[in-house]
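Engineer: The structure under discussion is supplied below as structure tokens; questions concerning it will follow.
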Amino acid sequence: MFRGNFPAKIDEKGRLKAPSDFRAVIAEKYGSELFVTSLYGDSVWIYPLPCWIALEERLATKAPSLHPVVEKFRNRVNYFGQQTSMDSQGRILIQPLLREHAGIDGEVVVLGFNDHLVVWNRAKFEKSKLGEDFTLEDRLALSDLGI
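Sequential numbering from 1092 applies to the sequence shown in this note's numbering.
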């Protein structure tokens, strides 16, 4: 389970050194194989490969493969996606196309999202995500979901 936020940096070769708390969970629970992708190109999703495979299996069993939304999802995650391995020092290569789209260089934030990590350019995250108000309607929506 991944949770919380850890600041990190992307090195000159486009690698993220996974924060130690997240690196330990990945290595111990899932192994070093990862799928690195995005849906919108504004952030980077890092899935341990077993978690990504489980998502693909849910997609295959719950939605027709020719459904337009399924096709759109697959097009995007495969366009930005690449299977990679975390090296022995905990570094994860983020492919150039995705780094460019997401503006991932220098300082980033690495957020835990249960079964995967999300990496944002720090300034972009603070401007867009922290700039959004958390409204009464948002709180009510969570309440409707039982949270």
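Every residue gets a Cβ at the ideal spot worked out from N, C-alpha and C, and that includes glycine.
Helix, strand or coil for T1128, going by three-state DSSP, please let me know.
Structural biologist: strand
Engineer: Rounded to whole angstroms, what's the CA-CA distance from L1150 to P1098? Just pull it up for me.
Structural biologist: 32 Å
Engineer: Does L1208 pass the burial test, meaning 16 or more other C-beta atoms within 10 Å, or should it be called exposed?
Structural biologist: buried
Engineer: Could you tell me whether the Cβ atoms of I1195 and I1185 are closer together than 8 Å?
Structural biologist: yes
Engineer: Tell me the rounded alpha-carbon separation between Q1173 and K1104.
Structural biologist: 16 Å
Engineer: Put T1226 into one of helix, strand or coil per three-state DSSP.
Structural biologist: coil
Engineer: Secondary structure at P1139, three-state DSSP: helix, strand or coil?
Structural biologist: strand
Engineer: Rounded to a whole number of angstroms, what is the C-alpha to C-alpha distance between F1225 and L1231?
Structural biologist: 11 Å
Engineer: Can you have a look at L1107 and say buried or exposed, based on whether 16 or more other CB atoms are within 10 angstroms of its CB?
Structural biologist: buried
Engineer: Going by C-alpha distance, which of A1193, G1222, L1221 and E1228 is nearest D1133?
Structural biologist: A1193
Engineer: Short of 7 Å in beta carbon distance, which residues of its chain neighbour P1141, apart from the five on each side in sequence? Order them along the chain.
Structural biologist: In chain order, Y1121 place their CB closer than 7 Å to the CB of P1141, counting only its own chain and leaving out the 5 sequence neighbours on each side.
Engineer: My output table needs one value for S1219: the three-state DSSP class, helix, strand or coil.
Structural biologist: Looking at S1219 - three-state DSSP - the assignment turns out to be helix.
Engineer: For L1189, which option in N1169, Q1180 and N1205 has the closest C-alpha, if you only look at C-alpha atoms?
Structural biologist: Checking every option, the nearest Cα to that of L1189 belongs to N1169.
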